[in-house]
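Quick note on the numbering used here: the sequence shown kicks off at 1233 and runs consecutively.
The C-beta atom is built at its ideal place from N, Cα and C for all residues, glycine as well.
These figures come from a predicted structure and were not determined experimentally.
Below is one structure, written out as structure tokens, with a few remarks after it.
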Amino acid sequence: MNEQKHTNAMFTLTRITEPHKLEEYHRFRYSVYANSTQRGFLAGPDGFDTDEFDANALHLGWYEGDTLVGCVRLLSPIKGVHPLHFTKDLLDPEQHGLALALLAEAKAAGQPLREVSRLCLAPEYRSLASVRRFVLEIISTAHRCGRDHCLFTCEDHHVTFWKRMGFATVNGFEGYTCPRNPRPNYLLQGDYHALLPLHRAELQRIGSRQMVGVSVAA
């Protein structure tokens, strides 16, 4: 399928709850990570990616018609030494403590942080236009679900893209070493409620439901 067809296609980002769709989703995650430089993040049995954070996550699938072409999960903190997935890779005790303090401060301020994790796209849907569309749908959907304040990690060569989308790097987590990834990692943060007006025109073009009623100052 060419990019023009992708551009004109009908996509939906929806919550996955049905057992058979969840199984497809976990296998899709595995297939994407198994064929990437991030294979070290895989967990669970062969062919099926799952870990301790899945039980407390909101699982979203991006569908073209009935075909799963992308997915992402939104994690709420769990109890334990590693409340979010990214904290498992913070080997420096001081940096790990900084992450826990960041989560605690956000919770105390009434703005609990969720981690965007396992963001996956099928290889033929990784053009810049497709990735932007997918990310905008995540922003819109997460906001509708009341998960406005997010954290996520990315490799160094993707930082520029995320900054252009309106996200910011978190001080103390720039270019840190991740034991399961050969490239330097960055932690980024964003507020979806604030990002919606920034991308208002583009969201309207793709028909996002969230833009109804959103006003932007002149």
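Could you tell me which residues DSSP puts in a beta bridge with Gly1422?
Partner(s): Cys1382.
Cα separation between Asn1234 and Pro1344?
At Asn1234, the pLDDT of 46 sits below 50, so the modelled position is not reliable; the number obtained from the coordinates is stated separately. The alpha-carbon atoms of Asn1234 and Pro1344 are separated by roughly 40 angstroms.
Measuring alpha carbon to alpha carbon, tell me which residue in Asp1278, Ile1248, Ala1275, Trp1294 is nearest Val1363.
The residue with the shortest Cα to Cα distance from Val1363 is Trp1294.
Can you round the beta-carbon distance between Asp1281 and Arg1261 to whole angstroms, since I take them to be within the 8 angstroms contact cut?
About 4 angstroms; that satisfies the 8 angstroms criterion.
Express the C-alpha separation of Tyr1418 and Leu1430 in angstroms, rounding to a whole number.
Going from the Cα of Leu1430 to the Cα of Tyr1418 covers about 23 angstroms.
Between Leu1292 and Ser1349, how many whole angstroms is the CB-CB distance? I'm expecting something under 8 angstroms.
Actually they do not touch by this definition, with Cβ atoms about 11 angstroms apart.
Measuring straight from C-alpha to C-alpha, what distance separates Leu1300 and Val1264?
If I take the Cα positions, the gap works out to 12 angstroms.
Report all residues from its chain with a CB closer than 8 angstroms to the CB of His1314; omit the five preceding and five following residues, and keep chain order.
If we look at His1314 and ignore the five residues flanking it on each side, its Cβ neighbours are Lys1320.
Take Ala1354 as the anchor and find which of Pro1251, Ala1266, Gln1327, Lys1253 has the nearest alpha-carbon.
The shortest C-alpha separation from Ala1354 is found at Ala1266.
Determine the burial state of Asp1286: buried for a count of at least 16 other Cβ atoms within 10 Å of its Cβ, exposed for fewer.
That one is buried.
Quick one: what's got a C-beta closer than 8 angstroms to Ala1400's C-beta in the same chain, skipping five residues either side?
Answer for Ala1400: Leu1420, Gln1421, Gly1422, listed in chain order.
According to DSSP, is Thr1249 part of a helix, a strand, or is it coil?
In the structure shown, Thr1249 sits in coil (DSSP, three-state: anything other than H, G, I, E or B).
Mind checking who Tyr1295 pairs with in its DSSP beta bridge?
Tyr1295 pairs with Thr1244, Leu1300.
In its own chain, which residues sit with a C-beta less than 7 angstroms from the C-beta of Pro1309, not counting the 5 before and 5 after it?
The answer, listed in chain order, is Pro1315, Leu1316, Leu1335.
Should Arg1305 and Ala1331 be called a contact, given that it needs their Cβ atoms to be closer than 7 angstroms?
No.
Quick check: the Cα distance between Ala1450 and Arg1396, rounded to an integer number of angstroms?
With a pLDDT of only 24 at Ala1450, under 50, the local geometry of the prediction cannot be trusted, and the value read off the model is given with reservation. When rounded, the distance between both Cα atoms is 21 angstroms.
Indicate the three-state DSSP secondary structure (helix, strand or coil) for Val1348 in the structure shown.
Strand, per DSSP.
Who are the Cβ neighbours of Val1391 in its own chain at under 8 angstroms, not counting the five residues just before and after it?
Around Val1391: Thr1401, Tyr1418, Leu1420.
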